[in-house]
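**Q**
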Amino acid sequence: AQERILPLLFKKRAKSGGDIEGCARGDLPFAMVPSRCQCIAGNEAKGCDSEVDADHVLRCTHLRRRILPAMKLDQLYEGDGDCNISKEASFNKSLLQDEEPRDFEVHASMPGLPLAPLESKHDLRQRRAGFL
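All the letters of the sequence shown, read from the start, carry residue numbers 1 to 132 under my numbering.
1. To which residues of the same chain is G22 closer than 7 angstroms at the C-beta, ignoring the five residues directly before and after it?
2. So what does P29 bridge to, in DSSP terms?
3. If you run the structure through DSSP and keep just helix, strand and coil, what is S16?
4. Assess contact between the stretch 39-55 and the stretch 71-78, defined as three or more Cβ pairs (one per stretch) separated by less than 8 angstroms. Is contact present?
5. So the alpha helix (DSSP H) L68 belongs to, where does it begin and stop?
6. In angstroms with no decimal places, state the Cα-to-Cα distance between D41 and Y77.
7. Which residues does DSSP pair with L58 in a beta bridge?
8. Counting only the same chain and skipping the five closest in sequence on each side, list residues whose C-beta sits under 6 angstroms from that of G47.
9. List the DSSP bridge partners of P34.
10. Nearest-angstrom Cα distance between D133 and V33?
11. Roughly how many whole angstroms lie between the Cα atoms of D27 and I5?
12. Taking a contact to mean a Cβ-Cβ separation below 8 angstroms, would you say F104 touches R66 in this structure?
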């Protein structure tokens, strides 16, 4: 939207006027403050061909370019960051004993699966008929 749609909106506004909403204030680089999109240093008829875009950065672009990188969220997932959870994490150690979970084993004392149906379809129909 920043690279394709916003220039089209500036060209349209150059012909017919009006406001373009959806930008963030460029003077507050680490805050999400809504603002109208401006093109002070460029030519709106050419899609705002300005080298400086501080007055016309869409909020989503502002969030991705400035706010999120400044928050350094990637540090939460590195090394011993709060969001890096592994089996070695201290709170996971007391949940399972060593060697657990074990693979499923079949013991001789377990009953085997029946090889034939316990009842025939005829027996089932008769039982249902008697039930109803």
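Idealized CB from N, CA, C, for every residue including glycine.
**A** Per the coordinate set shown:
1. Residue numbering aside, residue 22 sits at position 22 when the sequence shown is read from its first letter. Cβ neighbours of G22 beyond the five flanking positions: C37, L58, R59.
2. For the purposes of this step, residue 29 is taken as residue 29 along the sequence shown, with counting starting at 1. Beta-bridge pairing links P29 to no other residue.
3. Residue 16 sits at position 16 when you count from the first residue of the sequence shown. If DSSP states are grouped into helix, strand and coil, S16 belongs with the helices.
4. no
5. Here residue 68 corresponds to residue number 68 of the sequence shown, with the count starting at 1. Start and end: 68-71.
6. Along the sequence shown, one-based indexing puts residue 41 at 41. Along the sequence shown, one-based indexing puts residue 77 at 77. Looking at the sequence shown, residue 41 is not Asp but Ala. Each residue's alpha carbon lies about 40 angstroms from the other.
7. By 1-based counting over the sequence shown, the position of residue 58 is 58. According to DSSP, L58 bridges with C23.
8. In the sequence shown, residue 47 corresponds to position 47, counting from 1. Only P7, F10, K11 meet the Cβ criterion.
9. Taking the first residue of the sequence shown as 1, we reach residue 34 at position 34. DSSP output for P34 lists A24 as bridge partner(s).
10. Past the edges of the chain, shown from 1 to 132, lies residue 133, and the structure says nothing about it.
11. In the sequence shown, counting from the first residue as 1, residue 27 sits at position 27. In the sequence shown, counting from the first residue as 1, residue 5 sits at position 5. Each residue's Cα considered, the two are about 23 angstroms apart.
12. Working through the sequence shown from its first residue, we reach residue 104 at position 104. Working through the sequence shown from its first residue, we reach residue 66 at position 66. No; because the gap between Cβ atoms is not below 8 angstroms, this pair is not in contact.
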